[in-house]
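These protein sequence lines map, in sequence, to chains A and B. Mapping of the first sequence onto numbering that gives the first Met the number 0: position 9 corresponds to residue 8, and the numbering continues sequentially without gaps. Mapping of the second sequence onto numbering that gives the first Met the number 0: position 282 corresponds to residue 281, and the numbering continues sequentially without gaps. Where is the CB? At the ideal position from N, CA and C, for every residue including glycine.
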Amino acid sequence: MTRLSYEQSLDELQQELLSMGAAVGKQIHEAVEALKRRDVSAAEAVIARDAEIDHMRYELEERCVELFATQNPMARDLRTVTSALIISNELERMGDYAEGICKVALKLGQEPPLKPLIDIPRMSQIAQDMLKRCMQAFTDRDVRAAERVWRDDDQLDELYQQILRELLGYMIEDPKSITRATYLLWVAHNLERIGDRVSNIAERIIYMATGRLEIPQPDLTGR
Amino acid sequence: MEWLLLTLAVCLLLLAFTAYRLGQRGRDLTLLECELHLERDRRSTAQEENAFLTGINRSFVGQARPAMLLLDAAGKLRYFNPAAARLFKLSTSMQGKPIIEAVPDHDLNLVIQNIFRTGEAPQKSDFRPLGRDLVLQATADAIRNERGHLLGVTVVIEDMTELHRLELVRREFVANISHELRTPLATIKALVETLEAGAVEEKERAVDFLAKMNRELDRLAALVRDLLELSRIESRRISLDLHPFDMRELARDTVELLRPTAERAGLTLALAGEDQMAEAMADPDRTKQVLLNLVQNAIKFTSAPGEISVTVKPAEAGVEVAVRDTGVGIPEHELPRIFERFYKVDKSRVHDENSGTGLGLAIAKHLTNAMGGTLRAESVEGKGSTFTFRLPAAVTANEEVAV
Numbered sequence: 000m001t002r003l004s005y006e007q008s009l010d011e012l013q014q015e016l017l018s019m020g021a022a023v024g025k026q027i028h029e030a031v032e033a034l035k036r037r038d039v040s041a042a043e044a045v046i047a048r049d050a051e052i053d054h055m056r057y058e059l060e061e062r063c064v065e066l067f068a069t070q071n072p073m074a075r076d077l078r079t080v081t082s083a084l085i086i087s088n089e090l091e092r093m094g095d096y097a098e099g100i101c102k103v104a105l106k107l108g109q110e111p112p113l114k115p116l117i118d119i120p121r122m123s124q125i126a127q128d129m130l131k132r133c134m135q136a137f138t139d140r141d142v143r144a145a146e147r148v149w150r151d152d153d154q155l156d157e158l159y160q161q162i163l164r165e166l167l168g169y170m171i172e173d174p175k176s177i178t179r180a181t182y183l184l185w186v187a188h189n190l191e192r193i194g195d196r197v198s199n200i201a202e203r204i205i206y207m208a209t210g211r212l213e214i215p216q217p218d219l220t221g222r
Numbered sequence: 000m001e002w003l004l005l006t007l008a009v010c011l012l013l014l015a016f017t018a019y020r021l022g023q024r025g026r027d028l029t030l031l032e033c034e035l036h037l038e039r040d041r042r043s044t045a046q047e048e049n050a051f052l053t054g055i056n057r058s059f060v061g062q063a064r065p066a067m068l069l070l071d072a073a074g075k076l077r078y079f080n081p082a083a084a085r086l087f088k089l090s091t092s093m094q095g096k097p098i099i100e101a102v103p104d105h106d107l108n109l110v111i112q113n114i115f116r117t118g119e120a121p122q123k124s125d126f127r128p129l130g131r132d133l134v135l136q137a138t139a140d141a142i143r144n145e146r147g148h149l150l151g152v153t154v155v156i157e158d159m160t161e162l163h164r165l166e167l168v169r170r171e172f173v174a175n176i177s178h179e180l181r182t183p184l185a186t187i188k189a190l191v192e193t194l195e196a197g198a199v200e201e202k203e204r205a206v207d208f209l210a211k212m213n214r215e216l217d218r219l220a221a222l223v224r225d226l227l228e229l230s231r232i233e234s235r236r237i238s239l240d241l242h243p244f245d246m247r248e249l250a251r252d253t254v255e256l257l258r259p260t261a262e263r264a265g266l267t268l269a270l271a272g273e274d275q276m277a278e279a280m281a282d283p284d285r286t287k288q289v290l291l292n293l294v295q296n297a298i299k300f301t302s303a304p305g306e307i308s309v310t311v312k313p314a315e316a317g318v319e320v321a322v323r324d325t326g327v328g329i330p331e332h333e334l335p336r337i338f339e340r341f342y343k344v345d346k347s348r349v350h351d352e353n354s355g356t357g358l359g360l361a362i363a364k365h366l367t368n369a370m371g372g373t374l375r376a377e378s379v380e381g382k383g384s385t386f387t388f389r390l391p392a393a394v395t396a397n398e399e400v401a402v
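Following this line, the structure appears as structure tokens:
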């Protein structure tokens, strides 16, 4: 592998990662849409597409290993390749959460709806937005943007707590709702976990750009 | 002497030969010059042609409504037209970047990756970019040299959002109109069958049935009349008798006309605001039709005790008439659609006894537009609605002199 193709290979690694990010974002969106619309075939389609995400991760891993083995990347490049490996893993897990949401959608599809979904789509929106901004920060190696994404995870945690309280209310009021409420809680939990994974990616971006492996400080100025 | 002659002859011969050669070279030179000129001409035509092609390209691609992207063989963004810059918020700094960095959209990425992988020109219809309220359609194509090597890829992205919306409106219209026509027809059919089955012998029932059939037929006739009217206004096939008239007087007449109906419904209906003359330039009969429709709607959607007021006031280069009620109001997200044909906010009211044809507001809107005016609605759900139409003001004698 010549020097030029090394650069090219690093470039392509980055592009593959961005493609994977876009694909995972779409999966999250479609998963929550399928749940919202009670659309069984859409949920099945998301579940089927998860294999593609897994495949993307393997390809990325292969490329990283190849780069390690043949190019001996140093300093910043080394950080990029290790980060890419970890980020692809996080993205793959996020894909699994989207798949999990669809499995719930399939189960809930046969039950009468418990309540109109408002906070869950909102959580999904925030998670997608965080992911999009995170991948942009990755492209730009923008530490500040990555830190902002990291902090936004609090919003998801708050919404999750709110949904938890609301669903507990339903369960106490009517024990017949427990199954459905638990399923919805599962969805909210998956979305909350997606947010955590995005935060992990944000940490990786900071590491990649600065070499510092540390958790950003909470912003005390109130942003 | 002989020597001398011989030398002279040789000299002459040499001279002649040189002259001949010189002449030949001269001719050659002229030929060369000609060719040079020709070449220069050719080149300037080629340059002109090039400039022409570039010009065509720039103006066609630059003015085109679809977004256009040009990628090189490595998948990097080489060019995008202004429409693409607007659609994807691209800046010139994006040139030379991989496409997934410039436009991180999964569906578009699939189309592009597909053409790079398979070489086939793929098309992706009706995808919605994440987080945007748009429907797009993308078509990719490969650019190859004569040996078939891939030089680049073009991607054309069309915004289908408006088309989708119109298609939805059209489909709803067809569904609605068949529904509106079929309901009275089904009722009439049922009544006729019952009469045939023997009810015709019972005088009292027969009379009742006939009255019902008559009502349904009226309904059908009203629907057909409104549909034809709407189509005539839309295609501007109505004759408008535009002349100056006093809007205040017209409003007063309308209020007087409908006051008994309002009072029967337990509502107050009044002309509000100062009593000042406001001359409009429009068709008074058609204006009255619009105002009647708005006030009738207000009565229909306000429950007792409630108030309806009509205000007339001069507005910028026009006259404004507002019909305000304290009725049920319209939810904010329904407001943009209420002027659509057959659009009903409360779907449960569809079969209401006094529900109209569902075309009233559409007719009112088209009529005001045809007279050079506007009609708009504001509302707070549960508090009431205000429908305001504005028509051009009549030019007064004084202004005419001033102009």
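Below-9 Å beta-carbon distance, residue i vs any chain A residue
i	result
Asp252 (chain B)	no
Arg389 (chain B)	no
Asp125 (chain B)	no
Gly95 (chain B)	no
Pro103 (chain B)	yes
Asp132 (chain B)	no
Gln407 (chain B)	Lying outside 0 to 402, the shown extent of chain B, residue 407 (chain B) is not represented and no answer is given.
Gln288 (chain B)	no
Gln112 (chain B)	yes
Val394 (chain B)	no
Asp71 (chain B)	no
Glu100 (chain B)	yes
Leu86 (chain B)	no
Ser384 (chain B)	no
Rounded distance between the beta-carbons of residue j and residue i, thought under 8 Å
i	j	result
Leu66 (chain A)	Val80 (chain A)	5 Å
Leu149 (chain B)	Ala73 (chain B)	Contact flag wrong, Cβ pair sits at about 10 Å.
Pro330 (chain B)	Met134 (chain A)	The Cβ separation is near 37 Å, so there is no contact.
Pro283 (chain B)	Phe244 (chain B)	5 Å
His28 (chain A)	Ser87 (chain A)	Incorrect: roughly 20 Å between the Cβ atoms, too far for contact.
Asp95 (chain A)	Asp156 (chain A)	Not a contact, Cβ separation roughly 20 Å.
Tyr182 (chain A)	Lys106 (chain A)	6 Å
Top-ranked residue by Cα proximity to residue i, from the options
i	options	result
Asp195 (chain A)	A:Leu212, A:Leu9, A:Trp149	A:Trp149
Leu180 (chain B)	B:Asp217, B:Leu150, B:Leu209	B:Asp217
Ile177 (chain A)	A:Met129, A:Glu110, A:Asp128, A:Gln161	A:Glu110
Val152 (chain B)	B:Leu70, B:Val311, B:Val110, B:Ile176	B:Leu70
Ser238 (chain B)	B:Ala281, B:Phe300, B:Leu219, B:Ala277	B:Ala281
Ile307 (chain B)	B:Val254, B:Ala198, B:Val379, B:Arg41	B:Val254
Glu119 (chain B)	B:Asp140, B:Leu135, B:Leu107	B:Asp140
Val39 (chain A)	A:Ile125, A:Leu9, A:Ile100, A:Ala145	A:Ile100
Arg285 (chain B)	B:Asn368, B:Leu165, B:Val322, B:Glu1	B:Asn368
Arg37 (chain A)	A:Lys102, A:Gly20, A:Gln7	A:Lys102
Cys63 (chain A)	A:Leu105, A:Gln127, A:Ala83, A:Tyr206	A:Ala83
Ala66 (chain B)	B:Phe341, B:Val154, B:Lys202, B:Arg375	B:Val154
Cross-strand partners of residue i (DSSP beta bridge)
i	result
Val322 (chain B)	B:Val309, B:Phe386
Met55 (chain A)	Answer is none; Met55 (chain A) lacks a bridge partner.
Pro182 (chain B)	A small fix is needed here, since residue 182 (chain B) is Thr in this sequence, not Pro. Thr182 (chain B) is not bridged to any residue.
Ala279 (chain B)	B:Phe244, B:Ala392
Val155 (chain B)	B:Met67, B:Thr138
Arg258 (chain B)	None, per the DSSP bridge assignment.
Minimum Cβ-Cβ distance from residue i to chain B less than 9 Å
i	result
Thr138 (chain A)	yes
Gln135 (chain A)	yes
Ser18 (chain A)	yes
His28 (chain A)	yes
Asp128 (chain A)	yes
Gly194 (chain A)	no
Ala33 (chain A)	no
Gln14 (chain A)	yes
Asp10 (chain A)	yes
Residue span of the beta strand (DSSP E) that contains residue i, given as start and end
i	result
Lys123 (chain B)	122-126
Leu148 (chain B)	The question names Leu, but residue 148 (chain B) in the sequence shown is His. His148 (chain B) -> no beta strand (DSSP E), and no H or E assigned at all.
Glu119 (chain B)	From DSSP, Glu119 (chain B) is part of no beta strand (DSSP E); its letter is neither H nor E.
Asp71 (chain B)	66-71
Phe79 (chain B)	76-79
Arg375 (chain B)	373-379
Leu212 (chain A)	Segment: none, Leu212 (chain A) is in no beta strand (DSSP E) and carries neither H nor E.
Residue i, enclosing alpha helix (DSSP H) - first and last residue
i	result
Gly99 (chain A)	74-107
Ala259 (chain A)	A question about residue 259 (chain A) goes unanswered here, because the residues of chain A that appear run from 0 up to 222.
Leu155 (chain A)	142-172
Leu227 (chain B)	202-233
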